[in-house]
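**Q** Protein sequences, first through last, are from chains R and X.
With my numbering applied, the first sequence corresponds to residues 44 to 239, in that order.
With my numbering applied, the second sequence corresponds to residues 44 to 239, in that order.
Glycine residues also receive a C-beta, built at the ideal position from the N, C-alpha and C atoms.
Nothing here was measured: the structure is a model prediction, and the numbers come from that model.
There are 2 protein chains.
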Amino acid sequence: MTRKGATLELAVLGLLHESPLHGYELRKRLNLLLGWTRLLSYGSLYPALKRMLRAGWINEVTTVSPGVSRRQRIVYQISPAGTEFFSREITDAGPAAWEDENFNMRFAFFSRTESDVRMRILEGRRSRLQERLDRARTARGERAGDRYVTELQRHSIESVEREVRWLTELIDAERALKGTNPQVVREPITAPTEFS
Amino acid sequence: MTRKGATLELAVLGLLHESPLHGYELRKRLNLLLGWTRLLSYGSLYPALKRMLRAGWINEVTTVSPGVSRRQRIVYQISPAGTEFFSREITDAGPAAWEDENFNMRFAFFSRTESDVRMRILEGRRSRLQERLDRARTARGERAGDRYVTELQRHSIESVEREVRWLTELIDAERALKGTNPQVVREPITAPTEFS
DNA sequence: GTTAGCATGTAAGGAGTTACATGATTTT
DNA sequence: AAAATCATGTAACTCCTTACATGCTAAC
Numbered sequence: 044m045t046r047k048g049a050t051l052e053l054a055v056l057g058l059l060h061e062s063p064l065h066g067y068e069l070r071k072r073l074n075l076l077l078g079w080t081r082l083l084s085y086g087s088l089y090p091a092l093k094r095m096l097r098a099g100w101i102n103e104v105t106t107v108s109p110g111v112s113r114r115q116r117i118v119y120q121i122s123p124a125g126t127e128f129f130s131r132e133i134t135d136a137g138p139a140a141w142e143d144e145n146f147n148m149r150f151a152f153f154s155r156t157e158s159d160v161r162m163r164i165l166e167g168r169r170s171r172l173q174e175r176l177d178r179a180r181t182a183r184g185e186r187a188g189d190r191y192v193t194e195l196q197r198h199s200i201e202s203v204e205r206e207v208r209w210l211t212e213l214i215d216a217e218r219a220l221k222g223t224n225p226q227v228v229r230e231p232i233t234a235p236t237e238f239s
Numbered sequence: 044m045t046r047k048g049a050t051l052e053l054a055v056l057g058l059l060h061e062s063p064l065h066g067y068e069l070r071k072r073l074n075l076l077l078g079w080t081r082l083l084s085y086g087s088l089y090p091a092l093k094r095m096l097r098a099g100w101i102n103e104v105t106t107v108s109p110g111v112s113r114r115q116r117i118v119y120q121i122s123p124a125g126t127e128f129f130s131r132e133i134t135d136a137g138p139a140a141w142e143d144e145n146f147n148m149r150f151a152f153f154s155r156t157e158s159d160v161r162m163r164i165l166e167g168r169r170s171r172l173q174e175r176l177d178r179a180r181t182a183r184g185e186r187a188g189d190r191y192v193t194e195l196q197r198h199s200i201e202s203v204e205r206e207v208r209w210l211t212e213l214i215d216a217e218r219a220l221k222g223t224n225p226q227v228v229r230e231p232i233t234a235p236t237e238f239s
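In structure tokens form, the structure reads like this:
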């Protein structure tokens with residue numbers, strides 16, 4: 044099936060992989076992690092958590108000993124099924140991985156990916172942007188009418204070009220890394236941050 | 044009311060303002076004009092045209108003399124009500140104008156806007172991005188964990204900074220222009236391009 | 001004559017927002 | 001004691017995409 048919109052679900056699983064969290068905190072972290080243009084709303088997060096509960100990817104752990112705060116909260120933790128799903132999805136380097144909505148999230152979890160997967164995603168992303176660039180460049184020549192339109196097109200093209208250069212640097216770095224160390228780069232798991 | 048999603052409608056009206064067009068051609072031009080990340084689909088354009096017909100903003104002009112091609116097409120032209128609506132919306136320099144989805148479109152039609160409106164939209168857009176930047180910058184300090192996450196944040200911040208610089212240049216240019224010529228900058232209307 | 005591109009649509013469904021609703025806890 | 005922020009949710013609605021359906025016309 045490979046639901047197109049598993050972005051949110053995957054990001055949640057990725058965060059819960061590090062430490063259990065409750066909804067409110069999850070939302071804050073998601074907004075920091077992925078530079079979403081609009082902030083993620085509760086109306087979108089909470090239903091997603093319910094869906095994930097039903098799917099068996101996460102478990103509800105109603106607060107036992109909340110530590111500092113005596114405020115009751117619903118804490119979620121990732122289940123084995125969730126871990127399995129996350130790993131499977133994160134391994135997939137298909138077109139979905141380099142689409143606009145997914146790419147940032149995939150990149151954010153690159154530490155949990157094999158080097159080849161990273162490469163294929165970065166290269167896929169780059170050629171996607173390259174296509175867009177080609178279209179934009181030919182379009183520019185055609186109608187040199189309004190000066191604001193022209194300026195907008197110029198700036199858009201420059202932005203995408205910059206993005207492409209960034210990807211090229213990353214690809215080169217990845218290739219260099221691959222040469223020296225063919226293994227997966229495993230970051231040491233940081234100690235679960237205490238959510239206050 | 045100020046429907047949030049009038050973006051598409053406004054863009055269509057803006058294009059029809061220059062010359063009557065049929066749906067297929069409209070879609071192509073919209074995709075060029077606004078650098079939408081995904082191409083606009085027919086499933087979104089055609090229903091929008093129907094809505095606009097019902098609203099009385101456009102008229103259907105089933106092809107009379109198609110010129111070069113003898114292919115029958117449904118050509119739309121803007122109505123007085125549509126012109127009125129477009130002018131009213133394009134004059135509004137409220138928050139909606141500098142949101143992500145709207146800003147590019149508004150900018151593309153800047154030639155049909157007063158200098159003060161342009162200024163307010165550019166400045167609104169800039170402070171919106173500035174806020175985003177502040178949030179991102181403070182976020183960055185907190186968790187210097189994963190190197191890919193760090194790189195993503197660095198790059199995002201740099202992109203927004205670049206955007207802010209661009210807006211600043213535009214604002215300065217606009218201010219200089221305002222000093223010399225307080226009137227609206229009217230581009231000569233380019234001759235309606237013959238759609239083949 | 002067949003393929004590629006032109007041209008117009010509809011139906012079902014996904015993903016998320018806004019607005020509403022409620023209440024606890026912490027800070028001032 | 002009030003205000004801010006934490007915390008969790010639901011319902012209605014919007015906008016768009018995908019996939020389907022259909023047929024014309026130009027070029028090879």
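What are the residues in the segment 46 to 68 of chain R lying within 9 angstroms of chain X by C-beta distance?
**A** So the close ones are E61.
**Q** Can you grab the Cα-Cα spacing for the pair X:Q120 / X:S154, in whole Å?
**A** Using only the alpha carbons, I get a separation of about 20 angstroms.
**Q** Here's the rule I'm using: 16 or more other beta-carbon atoms within 10 Å means buried, otherwise exposed. How should R:V192 be labelled?
**A** With 16 or more Cβ atoms within 10 Å of its Cβ, R:V192 is classed as buried.
**Q** Is X:A234 close to chain R, meaning its C-beta is less than 7 angstroms from at least one C-beta of that chain?
**A** Residue placement at X:A234 is flagged as unreliable, the pLDDT there being 45, under the threshold of 50; a coordinate-derived value is accordingly withheld.
**Q** Hey, out of X:E212, X:F129, X:S199, whose CA is closest to R:W79's CA?
**A** When only C-alpha atoms are compared, the closest one is X:S199.
**Q** Quick one: what does DSSP say X:E157 is sitting in, helix, strand or coil?
**A** In this structure, X:E157 counts as coil in the three-state DSSP scheme.
**Q** With DSSP as the reference, label X:Q196 as helix, strand or coil.
**A** X:Q196 falls in the helix class under three-state DSSP.
**Q** Just list the residues that DSSP pairs R:N102 with in beta bridges.
**A** Beta-bridge pairing links R:N102 to R:Q120.
**Q** Is R:R163 closer than 7 angstroms to R:A136 when the C-beta atoms are compared?
**A** The answer is yes: Cβ separation under 7 angstroms.
**Q** Just verifying my parser: in three-state terms, what is the DSSP assignment at X:L51?
**A** Helix at X:L51.
**Q** I need the boundaries of the alpha helix (DSSP H) containing X:E68, first residue and last residue.
**A** From DSSP, the alpha helix (DSSP H) with X:E68 extends over 66 to 76.
**Q** Under a Cβ-count criterion, where at least 16 other Cβ atoms within 10 Å of its own Cβ denotes burial, should R:T156 be classed as buried or exposed?
**A** The residue is buried, with at least 16 neighbouring Cβ atoms inside 10 Å.
**Q** Please name the residue in R:E142, R:Y89, R:I214, R:M148 whose C-alpha comes closest to that of R:M118.
**A** As written in the sequence, residue 118 of chain R is Val, which differs from the Met given in the question. Closest option to R:V118, Cα to Cα, is R:Y89.
**Q** Taking the alpha-carbon positions, what's the R:L73 to X:T50 distance?
**A** Computed Cα separation, rounded: 27 angstroms.
**Q** Residues in its own chain within less than 6 angstroms of R:G57 by CB, not counting five upstream and five downstream?
**A** So the list reads F152, once near-sequence residues are dropped.
**Q** For X:A91, which residues of its own chain have a beta-carbon under 8 angstroms away from its beta-carbon, when the five flanking residues on both sides are left out?
**A** For X:A91, where only same-chain residues beyond five positions count, the Cβ hits under 8 angstroms are L51, E52, V55.
**Q** To which residues of the same chain is R:L96 closer than 6 angstroms at the C-beta, ignoring the five residues directly before and after it?
**A** Cβ neighbours of R:L96 beyond the five flanking positions: none.
**Q** For R:E144, which option in R:I214, R:R81, R:R161, R:F128 has the closest C-alpha, if you only look at C-alpha atoms?
**A** The shortest C-alpha separation from R:E144 is found at R:R81.
**Q** Can you find the residues in the same chain that come closer than 8 angstroms, C-beta to C-beta, to R:E217, ignoring five residues on each side of it along the sequence?
**A** Answer for R:E217: S158, R161, M162, L165, listed in chain order.
**Q** Report the rounded CA-to-CA distance for R:G14 versus R:T134, giving the unit in angstroms.
**A** Residue 14 of chain R cannot be examined here, being either before or after the span of chain R that is shown, 44 to 239.
**Q** Where does R:R81 sit, in a helix, a strand or coil, going by DSSP?
**A** In this structure, R:R81 counts as coil in the three-state DSSP scheme.
**Q** Looking at the structure shown, is R:E142 part of a helix, part of a strand, or coil, going by DSSP?
**A** Residue state, collapsed to three classes: coil.
**Q** Should R:E103 go down as buried or exposed, given a rule of 16 or more other Cβ atoms within 10 Å for buried?
**A** When all chains shown are included, R:E103 counts as exposed.
**Q** Determine whether the Cβ of X:F146 lies closer than 7 angstroms to any Cβ atom of chain R.
**A** It does not: the Cβ of X:F146 has no partner Cβ on chain R nearer than 7 angstroms.
**Q** Nearest chain X C-beta to R:T223 closer than 7 angstroms, yes or no?
**A** No, its Cβ sits nowhere closer than 7 angstroms to a Cβ of chain X.
**Q** Shorter than 7 angstroms from the beta carbon of R:G86 to some beta carbon of chain X?
**A** Not closer than 7 angstroms to any Cβ of chain X, the Cβ of R:G86 fails to qualify, so no.
**Q** Under the three-state reduction of DSSP, which class applies to X:D177: helix, strand or coil?
**A** Reduced to three states, the DSSP call for X:D177 is helix.
**Q** By the 7 angstroms beta-carbon criterion, what residues does the segment 151 to 179 of chain R contribute toward chain X?
**A** Listed by position along the chain: A151, F153, S154, A179.
**Q** Please classify X:D189: does DSSP put it in a helix, a strand, or coil?
**A** Three-state result, X:D189: coil.
**Q** Am I right that R:Q173 and R:R183 are in contact with their C-beta atoms under 8 angstroms? What's the rounded C-beta distance?
**A** Wrong, their Cβ atoms sit about 16 angstroms apart, outside the cutoff.
**Q** Taking Cβ positions only, does R:A182 come closer than 7 angstroms to chain X?
**A** Yes, R:A182 lies at the interface with chain X (some Cβ there is under 7 angstroms from its Cβ).
**Q** Determine the contact status of R:I101 and R:G66, defining contact as a CB-CB distance below 7 angstroms.
**A** Not in contact: R:I101 and R:G66 (Cβ atoms no closer than 7 angstroms).
**Q** At a CB-CB cut-off below 8 angstroms, which residues of chain X make contact with R:W209?
**A** Result: H198.
**Q** I'd like to know if X:Y191 contacts chain R, where contact means its C-beta is closer than 7 angstroms to some C-beta of that chain.
**A** Chain R, which has a Cβ nearer than 7 angstroms to the Cβ of X:Y191, makes this yes.
**Q** Any idea what DSSP makes of X:G125, helix, strand or coil?
**A** Helix.
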